[in-house]
Amino acid sequence: MESVPTADPSDSQEWPLEVPPQMDEKIMDRGQWSNKLEFVLSVAGGIVGLGNVWRFPYLCYKNGGVPQDRRWRPQMLGIPRRVGQQLLTFLLPPTKTGAFLIPYFIFLFICGIPLFVLETSLGQFTSEGAVTSWRKICPLFEGIGYATQVIIALMFLYYIIILAWAIFYLSFSFSWDLPWCSCNNTWNTGAELCGSPPGIEQMGELNWDLALCLLAAWVVCYFCIWKGVKSSGKVVYFTATFPYVMLTVLLIRGVTLPGASQGIKFYLYPDLGRLTDPQVWMDAGTQIFFSLLICQGCLTALGSYNKYNNNCYRDSLALCFLNCGTSFIAGFAIFSILGFMSYELNVPISQVAQSGPGLAFIVYPRAVSMMPFPPLWACCFFIMIILLGLDSQFMCVESVITAVVDMYPSIFRQKNRRELLILAVAVVSYLIGLVMLTEGTFAFSIIKYSPLKYNNVYVYPWWGYVLGWFLALSSMGCVPLWIIYRICTTKGTLREATDPVLHRPPNAQFGVPVRPHASPCVVAGFGEMESVPRADPSDRPEWPLEVPPQVDEKIMDRGQWSNKLEFVLSVAGGIVGLGNVWRFPYLCYKNGGGAFLIPYFIFLFICGIPLFFLESALGQFTSEGAVTSWRKICPLFEGIGYGTQVITAFISFYYIIVLAWAIFYLSFSFYWDFPWSSCNNTWNTKTCVDFQRRNYTGNYTHHENETSPVIEFWERRALRISPGIEQMGELNWDLALCLLAAWVMCYFCICKGVKSSGKVVYFTATFPYVMLTVLLIRGVTLPGASQGIKFYLYPDLGRLADPQVWIDAGTQIFFSLFICQGCLTALGSYNKYNNNCYRDSLALCFLNCGTSFIAGFAIFSILGFMSYEQNVPISQVAKSGPGLAFIVYPRAVSMMPFPPLWACCFFILIILLGLDSQFVSVESLITAVVDMYPSIFRQKNRRELLILAVAVVSYLIGLVMLTEGGIYVFQLFDYYAASGMCLLFLGFFETVCIAWIYGADRFFDNIEDMIGYRPTHLIKFCWLYFTPVTCFGTFAFSIIKYSPLKYNNVYVYPWWGYVFGWFLALSSMGCVPLWIIYRICTTKGTLRERILHLTKPSIDLPKTKKEKDKLLANDGHQQGTPTKDSHLQVSMEEFYH
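Letter by letter, the sequence shown follows residues 12 to 1148 of my numbering.
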């Protein structure tokens, strides 16, 4: 038999040079979860984040809910009343899940679960991060891994900012008189301290208090993952579970508040007419993707630490349903508070319902201030926000770190190098995040695409939108760019370019790759044979050139989760983040209340769970990061990995800014008199009006342009906002310090890779649930909470006719589940090969959705309380995103008894929610890089240095968002870099690559080999048909429904702002086509030969038992008399067929 052909050594020059490792250093093991629970909690902590709490409930309300004075009438559709009521009873059971749930669950089953299973099983199958897992699956599509890591990097840059905000608010929550409750603060008059530039053009000074909060957030995030899955797997025991405790507390409190029922009714009341609106479906799809961390590499990274035989299919299903269930339950907590606010303020609940930070920092603080003992509930809420965001943050970081380490194991799998890499990532992200803590930090609200406007008022300058699109395209572009690069740089025919065997060095021996823990092979007729050697992962010159290690240095092992729980907690911490708390409830309220759950769960089951499972399984299967996993699966689509890592990088830049804000607010939450409670501060203006005095003073006269003290504290003290992005202004040094603290926490959470992050997530992924439960209990027991919950859940089925409702649901799924960001692939890559990533994915997806739903109750019960206290409609206090966390909630906390307690709880929740999501994003990016260059970074201390470098760079970039105009930059990142458009784009290519190029049946065989059985064929059908069609359709609707970003829906960005925004967006989306073009152009041979070559998976992918038996049987039949290594001499035809 002819020997296997080898490649020309010159072919190796197509990859970046790797520094040769020294011989005295030993490459450390990659690591695995200590047990099953660690993986489940890690994924749960990652996917159950702020989006479940503040985005899903609002999407549910928005995409199917109606104002309190509206009800769905069958006569509107020409249906007789009796028949209509029967139909309504049939469609809407007593739980009143709402119209939005239709597209939500459609996306869940078509995209969410399939992609969740895909990414989780990919990580488990490959045991690689988000990059190297795709490299192993298909080198041509390695760009998928890069794209996910770009998304994750971008995500943890800004996601952790929410934790800083929460910490900042939490610091004020310990004083009885919450500072956002009155206009008697120093910042309520004058602009001497805040500088208040009018836009992103005037970034202004750095908010040093927020910088300190961000520093604290990064420090927590760092220590959560600095030992990899060994630390994050332990931390998630707390960070992934305690938020449920807090959510339960807030839910109980919220539903017991007066007006809570109205808030819940507002949240869930179905409006089936909204299903005709494509935006409803887009919202449901994006919610599924965002909530489940799909297409972000995190699932692949977390799944890669699973054991090979872990049931990732069952895990994926459970996690997907956990995520969705959490989102749904969070809606009750949020809208019960909003109902209370509506009741207290005597305003429609639509006036208080918000999503995202608007819920967490505006609406909810305002609602808390109306409750009895406001410090208690403020602390509970912000602690929940911190915990929800924390594990999502450090799971994102862990995904990046996993990707980097898996790409360069020889560099970073050395003692302390992974820790240094995490530290570098944390420092860089912290520095970048400081930009979002300046007075001009508007650039936070990149959640769904229409031209971004801060607060729907401020329109960004053109370069603001350019930056936003750059953030978005930086991830999406990875996939095509990588494919183009691989095709152009691979020599030979296309078939030869896709054949990894042709690229092995002359002295390499062809071997059947097996898992390191595989049992020795016993072949009948040959007796007991030596274990079949696994191909050396570093011995693949078809990837970026790796210089052979010197004799005195050894590449360290990639590492795995210590146990299953570390992976689960890491993913849970990553996917359960700020979006669960401040985005989902607002989206639920905004998009039809309970009706929003329809598109939300549609997207969950169609897109969320499938993509979540796909990425987690991809990481577990390939044991590679977000880039190399796609490279191994299909080299032509390696750009998918690059695209995900571009998104991850952008996320890591701006996501951590939220943590800095939370830390900043937390620092003020320990005072009895919150600075945002009065207008007696130096930063307050003459138009500042204490809302409590306004509501309780009978002779109050309304003044035009009046503002509340909590808004002035947020804009004039915390952000010191400038008039526009054209005026960036000075750096807010207090926020810069908070950002530094957040990056420090993030660094130490992932400095040791899964060894540290796997331990940290025991806290960061669980404690947010405790805080969320506390806030929920407090929220539902406040007067007006029932109105807020009714406002949150009251279904407006007519909203389902709005396409925006579906777009919101889809984007929320993608955001919440960390889909298409490389995090799932990176986290899954640390799983043991036999880890049940399917079960983990399902559990984590449902955990994420459940967290979002429950968070909605906690949030809207507080908003209902605010509405009740202020006697204003709840719609006037409901907000999303930072507006919730840093305006609404601080104001609500100031109205509660013991406001410092509740302020601290809330901001700790925000910090923890954002922290694990942040460090999971960074871990995904690091994993992708390390897996791409293992010989460089899998050396002693090199991984730690890489993390440190990433942290430093990200911190410096984040400083731009901490200037007076930084919020405008923040919104550009949030609106474009990690937009649902980018995630949907990558999700489409992920399913096409796995299902149609690599082969859905083949991947099912790999999953069966890992978990012991085949997942439901619905997953395969989703991968083949439903998920790609849904992703493409929602992506097309997102383009059609695009409107330029406006800050506060008022400020219009200059043209270069929009150019920058689109650059951010295209930088990730462009990776896929550009990589395809590059690889095709650089690969030798005819076009057909190049395509065939670049679509062949890597030979060092784990082989199923059936494949190995066939290879050995064919070899024994041909050889007759075996020699020691004769069973390894197989032809290419036998190997592939």
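Where is the CB? At the ideal position from N, CA and C, for every residue including glycine.
Restricting attention to TYR676, ILE443, TRP480, TYR805, the CA atom closest to the CA of PHE1071 is found in TRP480. DSSP places TYR600 inside the alpha helix (DSSP H), whose first and last residues are 595–601. Between the region 932–949 and the region 906–917, the count of Cβ pairs shorter than 8 Å is below three; the stretches do not touch.
As DSSP reads the structure, MET567 sits in a beta bridge with ILE38. A distance below 6 Å between beta-carbons, with the five flanking residues on each side excluded, links MET39 to the following residues of its chain, in chain order: ARG424, MET567, ASP568. The three-state secondary structure of PRO806, taken from DSSP, is strand. Counted as a single uninterrupted DSSP element, the beta strand (DSSP E) harbouring PHE829 occupies residues 828–833.
Residue state for LEU48 is assigned as helix, using DSSP reduced to three classes. In this model, ALA177 and GLN273 are separated by some 27 Å (Cα to Cα).
Boundaries around GLN929 are those of the alpha helix (DSSP H), 910–943, since no beta strand (DSSP E) includes it.
PRO269 has ALA796 as its beta-bridge partners, per DSSP. ASN1060 sits in a strand when the DSSP states are folded into three classes.
When Cβ pairs closer than 8 Å are counted between the two stretches, the region 612–624 is seen to touch the region 113–121, the count reaching three or more.
According to DSSP, VAL59 shares a beta bridge with VAL587. Ranked by Cα distance from TRP694, the options PHE664, ILE722, ALA671, TRP683 are led by ILE722.
Counting C-beta atoms within 10 angstroms of its own C-beta, LYS1116 has fewer than 16 neighbours from the protein chains shown and is therefore classed as exposed.
Around the beta carbon of TRP1007, fewer than 16 other beta carbons sit within 10 angstroms, so the residue counts as exposed. Setting aside the 5 residues that flank it on each side, LEU112 is surrounded in the same chain by LEU608, ILE609, TYR611, PHE612, each with a C-beta closer than 6 Å to its C-beta; the list follows chain order.
Between ILE163 and the set PRO1055, ILE148, LEU994, LEU1098, the nearest pair of CA atoms involves LEU994. ARG728 sits buried, since 16 or more C-beta atoms from the chains shown fall within 10 Å of its C-beta. Taking a contact as a CB-CB distance under 8 Å, the pair THR250 and LEU401 counts as one, their CB atoms being some 5 Å apart. For GLU139, the enclosing beta strand (DSSP E) begins and ends at 138–140. Here HIS1104 is buried, its C-beta having at least 16 other C-beta atoms within 10 Å. A straight line joining the alpha-carbon of VAL358 with that of LEU349 spans about 10 Å. With at least 16 other beta carbons inside 10 angstroms of its own, ARG594 counts as buried. Per the Cβ contact rule, the region 304–317 is in contact with the region 571–586 (3 or more Cβ pairs under 8 Å). Pairing VAL256 with VAL785, the inter-Cα distance amounts to about 6 Å.
Check the Cα spacing between TRP672 and each of SER193, GLU130, LEU225: the tightest is with LEU225. In terms of CA proximity to LYS1031, LEU625 leads the group PRO911, ASN320, LEU625. With a threshold of 16 other beta carbon atoms within 10 Å, ILE1051 falls short and is exposed. As the crow flies, the alpha-carbon of PHE778 is around 44 Å from that of ARG497. The beta carbon of THR252 is closer than 6 Å to those of THR777, TYR780 in its chain, skipping five residues each way along the sequence.
Around ARG1025, the same chain offers PHE1015, GLU1019 as residues with beta carbons nearer than 6 Å, after the five sequence neighbours per side are excluded. Taking every protein chain shown into account, the CB of ASP819 has 16 or more other CB atoms within 10 angstroms, so this residue is buried. In terms of Cβ geometry, LEU838 and GLY134 form a close pair [threshold 8 Å]. For GLN307, the uninterrupted beta strand (DSSP E) segment begins and ends at 303–308.
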